[in-house]
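To start, the structure under review is shown below, and the notes come after it.
Protein chains in written order, with full-length UniProt numbering: chain A, 1 to 551; chain B, 1 to 551.
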């Protein structure tokens with residue numbers, strides 16, 4: 001397909017070169033998309049003109065490219081932004097596209113020859129898709145805010161509990177125009193106050209609503225941040241390997257450089273400050289201006305929960321190296337391992353005292369994970385501290401260009417941070433729903449990671465937190481050679497074959513970054529406790545067959 | 001504040017220059033943010049190193065800048081992305097910030113000395129904030145989808161009409177995981193099918209659900225588009241003046257060039273293809289590669305509704321000049337003028353026949369405007385035709401990086417396109433609500449534009465559509481001189497003074513673009529019919545006093 005598109009463009013470019021009588025030094029060959037070259041000539045000429053160095057040849061190129069402009073395809077893959085073209089986002093790529101095809105075939109009855117009768121999406125932390133029930137209280141309040149007319153119906157409390165009714169009334173009284181109106185760009189003032197109060201309670205340190213932005217999830221935060229921070233390819237961000245590919249994708253989109261640091265798989269995906277220092281020094285020696293460090297805690301895809309001592313070391317390292325710390329803390333409610341607990345980087349920074357008062361930190365949270373799993377809401381917050389007002393005003397302006405985040409999502413974020421309290425009518429149900437989900441996730445985490453770890457040719461760290469197992473694969477040489485032959489990463493090949501054999505959708509480790517030469521995949525442990533047994537059985541059979549076939 | 005930040009940075013830069021023994025040719029002066037210079041040195045050195053031309057001096061710069069890195073502020077206004085810093089978004093700027101202060105003062109009782117007792121936000125098309133009621137049926141379905149447990153309650157139809165219950169059941173059956181789960185990146189299949197069917201009905205031409213992306217409103221569409229289309233500053237987009245500043249802001253953010261074309265105020269903000277051609281030729285002669293043309297129809301801030309003949313001329317012009325047409329059609333349900341009607345550019349293109357089968361068009365719609373005004377939902381769609389799959393896959397990837405748009409918003413977009421039908425229980429109420437809002441908007445449009453047009457020193461075209469009046473101001477020289485003295489655009493000065501005197505929040509024409517030397521402001525006609533009389537009275541008094549004071 002690409003070849004078909006490029007052929008005519010190349011022809012035009014060659015015509016142009018002929019017309020120009022080879023006035024440029026660029027060599028055209030069939031491997032170089034010619035519209036780049038055309039375009040580069042045009043740019044060079046334009047730049048020359050702007051700098052007042054317009055030469056006869058540049059003028060000629062300009063005139064020619066203007067004429068040729070009308071002949072090239074308006075928009076095709078050769079003349080789009082290269083960062084947009086090259087960015088990768090593994091969580092939804094080729095495998096997911098194929099999974100949708102299988103699911104469509106099954107739905108339409110065409111899938112009867114498949115070796116599975118349904119597709120199980122373990123590629124993405126999307127709990128409700130796999131049957132997790134939403135928190136009732138949150139949904140009751142959201143429903144009442146959506147259609148407030150029922151608040152005045154005398155029968156409302158026959159369908160909704162009194163505290164949900166009261167909460168909806170309180171929110172609506174404070175949201176000018178209700179959920180259908182744009183709010184302030186940062187979010188509704190009352191909802192930010194509630195989130196701030198909850199952060200204060202969580203950390204034991206003050207939190208100002210002015211430092212909070214209610215967002216459409218962690219993704220927009222990352223866009224605002226990268227757009228603001230990155231000036232060009234020489235600006236880099238220290239990013240964990242493996243990482244959630246939102247970071248690699250936005251670094252590519254906004255033309256920055258990913259400066260990798262590796263988590264130590266053999267130490268339970270632990271962090272080593274000496275290694276961080278080596279990574280920064282190496283990047284600087286190569287000319288990269290390292291601007292920030294991303295930490296995902298609990299880890300995605302790796303599931304580790306950092307100890308406070310490690311967190312302090314990270315903060316001290318960032319201060320010493322003058323890095324903005326970006327704390328992705330969207331799994332803060334997902335900690336399963338005994339003796340482990342989540343501590344926010346905000347608390348770590350504030351505990352370090354006045355010397356760290358100006359320490360720059362952006363921390364992110366989301367309604368998508370935890371025990372609430374409200375992915376479809378698209379909502380989260382970012383807290384910005386230690387960053388001066390001019391820069392915060394740039395974040396605000398970027399948020400303003402999209403006007404505001406969705407109001408139901410803002411409400412949901414406030415509900416997550418300010419749930420029913422002891423004594424309120426919905427408290428017991430809320431606690432039960434929360435503990436049921438977290439208890440079950442914990443059992444599933446243990447069950448899945450130990451089952452994977454027990455396979456020949458697989459090792460898997462326990463998942464201390466988050467929603468994922470990230471097992472390492474020791475794949476037979478014959479399998480790797482086959483993958484290489486068809487131009488696929490071995491773990492991509494493995495995940496594709498797993499989908500074909502089992503209907504289980506996973507993501508290859510190469511999509512997250514891994515130590516070169518190692519292979520992994522990521523799977524959620526979100527299927528229900530019943531379903532996860534089937535998933536384990538199917539993966540086990542698939543894996544053992546594969547090992548036998550290729551060894 | 002800036003000076004305070006720059007001073008130490010400059011000192012460090014000078015120290016560096018001293019240490020380097022003036023090894024660069026860059027001249028430092030107090031007007032150049034020194035971190036740029038540091039950074040440029042570092043970039044130059046890095047580039048030299050990458051090209052294998054590492055010289056001793058470049059190595060030295062590299063080492064020095066690495067050391068100095070730890071001394072410069074981590075993130076401040078001098079070392080962020082210049083496009084992010086410079087982008088402007090007038091709809092929420094200085095005036096709105098001041099309006100929020102006034103509103104807060106009034107709320108807290110500190111505003112008793114103000115000459116008004118409330119702030120009226122006419123700066124933004126935010127109908128529900130100003131009291132417009134949402135469409136009941138839409139909200140009922142959304143509420144039921146939020147908390148589906150009530151669907152099984154025998155009393156549900158005492159609170160919600162039967163067709164809302166049925167619609168919610170149907171949507172939930174087709175949305176895997178409900179409103180709390182991520183959908184496919186393009187949006188839920190069934191909802192895209194409903195939107196596609198409605199577009200087919202509107203235009204009388206086929207629409208494929210595959211060509212539709214359900215988005216978080218028109219803003220993300222514009223981000224995807226600009227990110228994909230623009231390779232660098234030499235890529236330009238033909239943009240109306242005046243325009244909705246989403247276009248100028250995203251063009252700046254993604255480092256493209258705005259190629260202005262002016263709407264003819266004296267011809268009711270009409271379009272002139274000869275003028276378009278002049279603008280494109282001029283831009284090309286200056287080295288800009290013009291890639292696309294934006295048309296906002298009905299116009300924002302200008303309110304004109306294009307005739308089909310003009311639309312055809314635009315499409316033919318884009319084909320001739322090889323431009324992607326971007327049709328912002330978010331006001332398609334807001335047409336007031338007798339004899340005018342909205343026709344989509346999709347219909348125009350398809351009516352032109354097979355010669356235009358590959359014509360590239362992106363059209364955008366939104367739930368935020370019309371008679372529904374669901375701004376706080378953040379939802380819309382884009383339809384992409386005539387663009388090949390590789391490029392559509394890039395849009396899809398960009399959408400995937402944010403996973404999906406919010407599901408309640410997706411449902412709302414489907415509801416807007418597929419409302420209750422004759423014979424269904426909610427049809428009558430829906431029709432009444434729709435006609436009430438549109439009838440009232442029409443009366444308010446006429447009332448406001450004619451009142452403004454009748455003022456001395458103001459002329460105002462009728463608003464044929466959309467939600468805005470965009471009157472031209474003929475300001476006294478003395479007033480313009482005063483504005484100049486304080487470094488403000490005259491219309492900015494006017495709008496600020498209007499806010500101070502009346503509490504009415506408007507946006508200066510300079511935020512939208514206007515013929516140099518002319519002055520305008522934009523105001524919505526969204527205050528209720530009662531409130532708009534007060535707004536008119538207050539603006540009239542303010543304006544007449546100002547004209548008297550400065551003439």
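Virtual Cβ for every residue (Gly too), placed ideally from N, Cα, C. In this text the structure is predicted, and so the values were computed from the model without any measurement.
- A distance of 9 Å or more separates the beta carbons of residue 182 of chain A and residue 526 of chain A.
- Minimum Cα-Cα distance from residue 302 of chain B among the listed residues B:492, B:378 and B:470 corresponds to B:470.
- Residue 533 of chain B has its alpha-carbon roughly 45 Å from the corresponding atom of residue 368 of chain A.
- Against chain B, a Cβ distance below 8 Å from residue 129 of chain A picks out 176, 177, 181 and 182.
- Using a Cβ distance threshold of 9 Å, residue 230 of chain A and residue 251 of chain A count as a contacting pair.
- Runs of the alpha helix (DSSP H) lying entirely within the stretch 299–385 of chain B and spanning at least 4 residues, in chain order: 308–321 and 345–351.
- Residues 427 of the same chain have their beta carbon placed closer than 8 Å to that of residue 421 of chain A, with the five preceding and five following residues left out of the count.
- Ranked by how close their Cα comes to the Cα of residue 394 of chain B, the residues B:467, B:240 and B:227 have B:227 in first place.
- Here residue 468 of chain B carries a strand assignment [DSSP, helix/strand/coil].
- Taken in chain order, the members of the stretch 355–377 of chain A whose beta-carbon sits within less than 7 Å of a beta-carbon on chain B are 360, 373, 374, 375, 376 and 377.
- In the DSSP annotation of this structure, the continuous segment of the beta strand (DSSP E) that includes residue 240 of chain B starts and ends at 235–241.
- Sixteen is the threshold: when 16 or more other Cβ atoms of the shown chains lie within 10 Å of the Cβ of residue 407 of chain A, as they do, the residue is buried.
- Proximity to residue 171 of chain A across A:134, A:503 and A:414 peaks at A:414, based on C-alpha coordinates.
- At a cut-off of 9 Å, the C-beta of residue 296 of chain A has no neighbouring C-beta in chain B.
- Under the DSSP definition of a beta bridge, residue 473 of chain B partners with B:458 and B:519.
- Think of a sphere of 7 Å around the beta carbon of residue 249 of chain A: the chain B residues whose beta carbon falls inside it are 401, in chain order.
- Annotation: residue 405 of chain A is outside any beta strand (DSSP E) and is labelled neither H nor E by DSSP.
- By the criterion of a C-beta distance shorter than 7 Å, residue 499 of chain A is surrounded in its chain by 95, 98, 99 and 505, once the five residues flanking it on both sides are discounted.
- Counting only the Cα atoms, residue 88 of chain B lies some 8 Å from residue 511 of chain B.
- When DSSP assignments are scanned along the stretch 241–273 of chain B, the uninterrupted stretches of alpha helix (DSSP H) that are 4 or more residues long and fall wholly within it turn out to be 246–253.
- Shortest Cα-Cα distance from residue 448 of chain B to any of B:334, B:468 and B:436 involves B:468.
- Residue 458 of chain A places its beta carbon 9 Å or farther from that of residue 502 of chain A.
- Following the DSSP letters along the chain, one finds residue 151 of chain B in no beta strand (DSSP E), marked with neither H nor E.
- The straight-line gap separating the alpha-carbon atoms of residue 351 of chain A and residue 456 of chain A is approximately 45 Å.
- When Cβ-Cβ separations below 9 Å define contact, residue 122 of chain B makes no contact with chain A.
- For the 9 Å CB-CB criterion, residue 297 of chain A and residue 254 of chain A do not form a contact.
- Membership of residue 215 of chain A in any alpha helix (DSSP H) is not indicated; the residue belongs instead to the beta strand (DSSP E) covering 212–215.
- Inter-segment contact for the stretch 436–453 of chain A and the stretch 152–166 of chain A is absent: fewer than three beta-carbon pairs are separated by less than 8 Å.
- Closest in alpha carbon position to residue 77 of chain B, among A:545, A:478 and A:390, is A:390.
- Proximity of chain B to residue 387 of chain A at the Cβ level (cut-off 9 Å) is accounted for by 74, 75 and 76, in chain order.
- Residue 292 of chain B: member of the beta strand (DSSP E) spanning 289–296, first to last residue.
- By the C-beta criterion, the stretch 359–379 of chain B is judged to be in contact with the stretch 106–126 of chain B, since at least 3 inter-stretch pairs fall below 8 Å.
- If you draw a straight line from the Cα of residue 491 of chain B to the Cα of residue 520 of chain B, it comes to about 6 Å.
- Neighbours of residue 422 of chain B in chain A, taken as residues whose beta carbon is under 7 Å from its own, are absent, since the nearest beta carbon is some 23 Å off.
- Secondary structure at residue 160 of chain B: coil, using DSSP grouped into helix, strand and coil.
- Of the other Cβ atoms in all chains shown, 16 or more fall within 10 Å of the Cβ of residue 218 of chain A; this residue is therefore buried.
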